[in-house]
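Engineer: Protein chains in written order, with the working numbering: chain A, 428 to 1048; chain B, 424 to 633. The structure under discussion is supplied below as structure tokens; questions concerning it will follow.
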């Protein structure tokens, strides 16, 4: 018996990629997809593999780099989260037309819930729009298998193929058997073919026709067709009262929930459950057969009605379009149970007591340099508008220092837009201070900053530089100067980059030195408003305390609460450090020594001087 | 078959406890399915791990469960020609179905206690233990100088209760197999929990409910 290991869904995907001789993987980190690349990097080191891996600057770059590898006839993958695919939508649409040479997989991880995303959008719709096939695994084991199938299908039809796992597959763990890891031998060979790789609009029409033909044939690929999982139920469906000749068609992790619950509800032997490994394209013959055979068809899928909408005649089809399945939110197993009980006219489930506590919202870590920067921003621009961005520092909204955020890089454009809105109306624009992380600035902030500068917008941009991509697990940024293999590469200095974008005011400072940092922000604000001023950029530089690749700061000072504490809760409400604990109004706060990092920023935050470093002494590090 | 919930705040070692239990289950010949919280919620918010373990049928082909030769069931094998009822296939525990609940933070049982079934056992870390299934794990860990190991104090405390699918020594074996720099510290915390449970033996009353 082979050795079995408990693997994360993302690790299973990585294993599937290595087992099927993938020669290049590119990615930009994003929950729930991030661990695929880190696992690949680990496997590469352990097995001495030659594949090229990179954390790309953004998903569009990742997609295009991996696509070129495929154009040389080699197997490639690009990995991202669902909103990352929005960024890579441009190359996706075009690559579907040109097709690929070596197999090419797009892993786009969706986040029904959403747990850690701006939307719960369904990447399978992107596959449908691009006219490419998409696999929808229901477990880590299946995700690994579907990688093999996706590569085979992509190679056969020379088409990009999507693998769409969801959070509950990416972050599920399951015991899986090990298999030998092959050594890929795929010498690159780029064959010039202008009508394809450099197709002008005239040739694009031909490519579109070819694409239509490919996707029609793929729909009928036997290996990808929906299949019934409980064959025994097929014979019981002829019984006259077999819940009115109904069936279920499902894909993804909802299928896994449904399967288990059907057993519990006694439906497993009665109701045929069809799994669609490839929700797009559904074979027309399958749709016809289902509609001919059953009176009612329940479709269970996340998060949008992708299979459901492929049934042209929806008279018998029940799902999100009929309100049978909720139109938003994760299909948790309890939700699936309620749907099944209702659809098959069973008694409702015993109600479960609701949570007695709403739970805690996430917050910036104790000692997080972003907290200091946000506090300083509120001090420097008390009446300001604060556009924010995507990362840990989105949590600046807890502190009232993020008023609006949208997607990667939008803080800079929103700041410019707010400025132009107030200015063009003839009024005096309020102070505007945008925040963006270092990794996010590289990802999508650079064109935005250039645009703001050349359109003469006036605001302060604070780049929160903690020298890592913290939220997703500390992936490197282009400022690190080391690639995924650990080899030295050119370092990109953010101040130089900002200057090159045309910003005249560029200063860097440590937000831990709170008073000086507030003063610097005020200076930046004055520049933004001055005649001949412009966008002022302040780089708040302090490494992430959670980044284990960095040396830990030396022994920290202990902060104590003195008798001056009046229990005003100013620090709790305005600073929200998890290490400072409130005990209600008029009761002095306490400091949890297990959480306190000793950063000492709170010493400058307390209006009563009640927080002091033990033994006194200056607080600025 | 057992369904376990581990709940706490980001940074308290929720993932570590659930993975330790899952690896122990695997050593004992069980199959395991887990679901974890990653991403933004890990920054100090409530995090939860779901763990389901079961004895696999020798030749079942349930989505990803082992087959006779020990290989993961491939999608081609997924068609269940025998029509056997599936075991666990969903990585999530439904409300009211958990046999065992680990509450690493006093709030955790309030937030996620609804997963526990009426006859289930909840083991709680609380500053004021009030029954045979709660313990001041954080206080004990602090006294040991291991403030981040309260999770293992609680696990040790629960391990001798007879409510878990495994015996205490099984978990210790897994912990030793994990090894690493923190092993000695982890073992000290785990043993402190075990000892605590020995000293409160006989007091075990009804499980607190969520």
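All C-beta atoms, glycine included, are put in the ideal place defined by N, C-alpha and C. These figures come from a predicted structure and were not determined experimentally.
Buried or exposed: which applies to residue 909 of chain A, given that a residue is buried once 16 or more other Cβ atoms fall within 10 Å of its Cβ?
Structural biologist: Exposed, since its Cβ has fewer than 16 Cβ neighbours within 10 Å.
Engineer: So residue 489 of chain A and residue 515 of chain A are supposed to be a Cβ contact under 8 Å. How far apart are they, rounded?
Structural biologist: Sure, about 7 Å apart at Cβ, within 8 Å.
Engineer: With a floor of 4 residues, list each alpha helix (DSSP H) that falls wholly inside the region 804–869 of chain A, ordered by position along the chain.
Structural biologist: The region 804–869 of chain A contains these whole alpha helix (DSSP H) runs: 837–851.
Engineer: Using DSSP's beta-bridge definition, name the partner residues of residue 536 of chain A.
Structural biologist: Residue 536 of chain A is bridged to A:508.
Engineer: How would you label residue 619 of chain B, buried or exposed, when you count the other beta carbons within 10 angstroms and need 16 or more for buried?
Structural biologist: Buried, by the Cβ-count rule.
Engineer: So residue 495 of chain A packs on residue 453 of chain A, CB below 8 Å; how close in whole Å?
Structural biologist: Not quite, the Cβ-Cβ distance comes to about 10 Å (not below 8 Å), so this is no contact.
Engineer: How do the region 595–602 of chain A and the region 614–628 of chain A stand: do at least 3 beta-carbon pairs fall below 8 Å, yes or no?
Structural biologist: Output reads no: the region 614–628 of chain A does not touch the region 595–602 of chain A.
Engineer: At the 7 Å Cβ level, is residue 512 of chain B part of the contact set with chain A, yes or no?
Structural biologist: Residue 512 of chain B counts as touching chain A.
Engineer: Is the beta carbon of residue 589 of chain A closer than 7 Å to that of residue 554 of chain A?
Structural biologist: For residue 554 of chain A and residue 589 of chain A, yes; Cβs fall inside 7 Å.
Engineer: Check whether the region 998–1005 of chain A touches the region 873–883 of chain A, taking contact to mean three or more Cβ pairs, one atom from each stretch, closer than 8 Å.
Structural biologist: Short answer: they don't touch.
Engineer: Around the C-beta of residue 551 of chain B, are 16 or more other C-beta atoms found within 10 angstroms, so that it is buried, or is it exposed?
Structural biologist: Label assigned to residue 551 of chain B: exposed.
Engineer: With a 10 Å radius around its C-beta and 16 neighbouring C-beta atoms as the bar for buried, classify residue 600 of chain B as buried or exposed.
Structural biologist: It counts as exposed.
Engineer: Using the three-state DSSP reduction, which class does residue 424 of chain B fall into: helix, strand or coil?
Structural biologist: Here residue 424 of chain B sits in coil by DSSP.
Engineer: Pull up the CB-CB distance for residue 506 of chain A and residue 577 of chain A, whole angstroms please, since I reckon it's below 8 Å.
Structural biologist: The pair is not a contact, with the Cβ atoms about 13 Å apart (cut-off 8 Å).
Engineer: At a Cβ threshold of 7 Å, is residue 608 of chain B touching chain A?
Structural biologist: Chain A contact via Cβ: absent.
Engineer: Against residue 530 of chain B, what residues of chain A qualify as contacts under a CB-to-CB distance less than 9 Å, listed in chain order?
Structural biologist: Correct list: 784, 786, 787.
Engineer: Would you say residue 483 of chain B lies against chain A (beta-carbon separation less than 7 Å)?
Structural biologist: The predicted model places residue 483 of chain B with a pLDDT of 45, which falls under 50 and marks its position as unreliable; any figure quoted below should be read in that light. Chain A, which has no Cβ nearer than 7 Å to the Cβ of residue 483 of chain B, makes this no.
Engineer: Tell me which residues share the same chain as residue 730 of chain A and place their Cβ nearer than 6 Å to its Cβ, disregarding the 5 neighbours each side in the sequence.
Structural biologist: Cβ neighbours of residue 730 of chain A beyond the five flanking positions: 539, 547, 549.
Engineer: Which residues of chain B have a Cβ atom closer than 8 Å to the Cβ of residue 652 of chain A, listed in chain order?
Structural biologist: By Cβ distance, chain B contributes nothing, its closest Cβ being about 11 Å from residue 652 of chain A, past 8 Å.
Engineer: Buried or exposed for residue 594 of chain A, going by 16 or more other Cβ atoms inside 10 Å?
Structural biologist: It is buried - the Cβ of residue 594 of chain A has at least 16 other Cβ atoms within 10 Å.
Engineer: For residue 574 of chain B, which of helix, strand or coil comes out of DSSP?
Structural biologist: Three-state result, residue 574 of chain B: helix.
Engineer: How would you call residue 867 of chain A, buried or exposed, if buried means at least 16 neighbouring beta carbons within 10 angstroms?
Structural biologist: Under this definition residue 867 of chain A is a buried residue.
Engineer: Please identify, using Cβ separations under 8 Å, the residues of the region 758–784 of chain A that lie next to chain B, in order along the chain.
Structural biologist: Residues 759, 760, 761, 764, 777, 779, 780, 781, 782, 783, 784.
Engineer: Using CA atoms only, rank isn't needed, just tell me which of A:1030, A:1033, A:992, A:1004 is closest to residue 1012 of chain A.
Structural biologist: Looking at the Cα atoms, A:992 is the closest of the given residues.
Engineer: Taking contact to mean 3 or more Cβ pairs, one atom from each stretch, closer than 8 Å, check whether the region 476–489 of chain A and the region 438–453 of chain A are in contact.
Structural biologist: With a cut-off of 8 Å, the region 438–453 of chain A and the region 476–489 of chain A count as touching, because enough Cβ pairs lie within range.
Engineer: Who are the neighbours of residue 1005 of chain A on chain B, taking C-beta pairs under 7 Å?
Structural biologist: The answer, in chain order, is 467.
Engineer: Taking 8 Å as the cut-off, does the region 882–902 of chain A touch the region 808–828 of chain A (at least 3 CB pairs, one atom from each stretch)?
Structural biologist: At 8 Å Cβ cutoff, the stretches touch.
Engineer: Give the list of continuous alpha helix (DSSP H) stretches no shorter than 4 residues that lie fully inside the region 705–752 of chain A.
Structural biologist: You should have 711–720.
Engineer: Output needed for residue 743 of chain A: all residues of its chain with C-beta closer than 8 Å, excluding positions within five of it in sequence on either side, in chain order.
Structural biologist: Around residue 743 of chain A: 718, 721, 722, 723, 724.
Engineer: For residue 556 of chain B, does the three-state DSSP call read helix, strand or coil?
Structural biologist: Residue 556 of chain B falls in the coil class under three-state DSSP.
Engineer: Residues in the same chain with beta-carbon distance under 6 Å from residue 608 of chain A, minus the five sequence neighbours each way, listed in chain order, please.
Structural biologist: 445, 474, listed in sequence order.
Engineer: Does DSSP put residue 391 of chain A in a helix, in a strand, or in coil?
Structural biologist: The structure shown has nothing for residue 391 of chain A, since chain A only spans 428 to 1048.
Engineer: Taking the continuous alpha helix (DSSP H) assigned at residue 548 of chain B, which residues delimit it?
Structural biologist: Careful: residue 548 of chain B lies outside any alpha helix (DSSP H), inside the beta strand (DSSP E) at 539–548.
Engineer: Please report whether the beta-carbon of residue 595 of chain A lies at a distance below 7 Å from any beta-carbon of chain B.
Structural biologist: For residue 595 of chain A, the answer is yes, since a Cβ of chain B falls inside 7 Å of its Cβ.
Engineer: With a Cβ-Cβ cutoff of 7 Å, do residue 1023 of chain A and residue 1006 of chain A count as a contact?
Structural biologist: Yes, the Cβ-Cβ distance between residue 1023 of chain A and residue 1006 of chain A is below 7 Å.
Engineer: Does DSSP classify residue 951 of chain A as helix, strand or coil?
Structural biologist: It is helical.
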